[in-house]
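Down below is the structure, laid out as structure tokens.
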Amino acid sequence: MVLAHRGARALAPENTLAALRAAARAGARWVEIDVDVIGDGTVIVIHDSSLDRTTDRTGSYYRLRAADLPAIDAGSWFRAEDGSRPFAGEGLPTLADALDVVAQTAMSVNVELKSCQAGAAACRRLVDDVAAQLDALAERAPASQALVSSFNPLLLERMGRRRPEAALALLTGAGALGDDWRSRAEMLGARAVHPAQAGLDRERVEEMRALGYGVNVWTVNTRERAVELFDWGATGIFTDRVHELGGLGDGGDRAAETAADKR
């Protein structure tokens, strides 16, 4: 499978509804989004731990409330090839907003839980709200599968307790897979491993697949590397360029039986 990383972020501002819709128009069957929680418990879609890079605001969002979100512009920073700003005024979405688009477009979704920096209580609220919203998605859009990934194993552990049927994915950074990846994946009850593509080799992919794990690799933006990874047995790639690479992983959707939510 080919997952549109933060939506179709080469075509629209990342982690916005515009990026999700662009991914759907490009034929994406899977999208990946990042989520964190603001001060009133609302789960929002954003990658960074601050507003600086992808909105017209600066600083932390952990004290914001839902009522603050409509005034935040998450699109003006994005420039088209001609230098224009076609997404000026695009909002900072909530997870509920994003899952509405997922359901409407019959896509499937990988929700990455960011390592919330607002303390344990906020982390618990994040996980519990995401779990509840994925329960609701399963009811209203049974064709939309879901994966939940994180670099933070404590968040995945709580998700597994809160939603035992959740398909969990162990996310690892470049050079950080480690020889203990199997132990971590087994203890979490993960169905997939999401390694960085840098330094990943055939032997490791084959090892993970032989043990029954889905292997979805990030972030892959060239056709040559994508083809190589699929030839090695990878079940998916995350890409910023779903409009160019989206057709490569059609056969990999069988990995959903291993690496995505079985309902």
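Residues in the sequence shown are numbered consecutively from -14, following the working numbering. From the three backbone atoms N, C-alpha and C, an ideal C-beta is built for every residue, glycine too.
Sorted by chain position, which residues of the same chain lie with C-beta nearer than 7 Å to residue i's C-beta, five sequence neighbours on each side aside?
| i | result |
| --- | --- |
| A9 | T90, M92 |
| V86 | L2, L5, R6 |
| T257 | Any question about residue 257 goes unanswered here, given that the chain covers just -14 to 248. |
| S69 | none |
Just to confirm my understanding: we take residue i, look at its own chain, exclude 5 residues before and 5 after, and list those with CB closer than 6 Å. What are they?
| i | result |
| --- | --- |
| T204 | H(-10), F223 |
| A107 | V22, C101 |
| Q182 | V202, V205 |
| A128 | A91 |
| V94 | V16, V87, A131 |
| D37 | T43 |
| L141 | S135, L153, L173 |
| V265 | With the chain running from -14 to 248 in the structure shown, residue 265 is simply not present. |
In terms of DSSP beta bridges, what is residue i paired with?
| i | result |
| --- | --- |
| W203 | A181 |
| N0 | Answer by DSSP bridge pairing: none, since N0 is not bridged. |
| A(-7) | Answer is none; A(-7) lacks a bridge partner. |
| V197 | The sequence shown places Gly at residue 197, not Val. BP columns for G197 are empty, so no partner. |
| W62 | W62 is not bridged to any residue. |
| S93 | W15 |
| T220 | In the DSSP output, where bridge partners are listed per residue, T220 has none listed. |
| I29 | D21, T79 |
| V212 | In DSSP, V212 forms no bridge with anything. |
| L98 | V20 |
| V(-13) | I222 |
Would you mind giving the Cβ-Cβ distance between residue i and residue j, rounded to the nearest angstrom? I have them listed as a contact below 8 Å.
| i | j | result |
| --- | --- | --- |
| L77 | I18 | So it is not a contact: roughly 12 Å between Cβ atoms. |
| T1 | G(-8) | 7 Å |
| L185 | A211 | That belief does not hold up - the Cβ atoms of L185 and A211 are roughly 12 Å apart, past 8 Å. |
| S135 | E188 | So it is not a contact: roughly 26 Å between Cβ atoms. |
| P149 | R169 | Going by Cβ atoms, the distance from P149 to R169 rounds to 18 Å, so no, they are not a contact pair. |
| A152 | R176 | 5 Å |
| T112 | M144 | One point to set straight first is that residue 112 is Val, not Thr, in the sequence displayed. With a Cβ gap of about 5 Å, V112 and M144 count as contacting. |
| A154 | Q118 | At roughly 18 Å, the Cβ-Cβ gap does not stay under 8 Å, so A154 and Q118 are not in contact. |
| A161 | F63 | That pair is no contact at about 30 Å. |
When we look at the beta-carbon of residue i and count the other beta-carbons within 10 Å, is it buried (16 or more) or exposed?
| i | result |
| --- | --- |
| R110 | buried |
| D164 | exposed |
| L196 | exposed |
| A241 | Interpretation of A241 is limited by its pLDDT of 45, a score under 50 that renders its predicted location unreliable; the figure taken from the coordinates is listed afterwards. A241 should be labelled buried. |
| D58 | buried |
| T79 | buried |
| R125 | exposed |
| R48 | exposed |
| P180 | buried |
| A219 | buried |
| A(-5) | buried |
| D225 | buried |
| D114 | buried |
CB-CB under 8 Å to residue i, same chain, minus the five flanking residues each way: which ones, in chain order?
| i | result |
| --- | --- |
| R50 | I23, G24, D25, T27 |
| S35 | T43, G44, S45, Y46 |
| R146 | none |
| R208 | E229, L230, L233 |
| E191 | W217, G218 |
Whole runs of the alpha helix (DSSP H) within the region 112 to 195, excluding any shorter than 4 residues: 138 to 147, 166 to 173, 187 to 195
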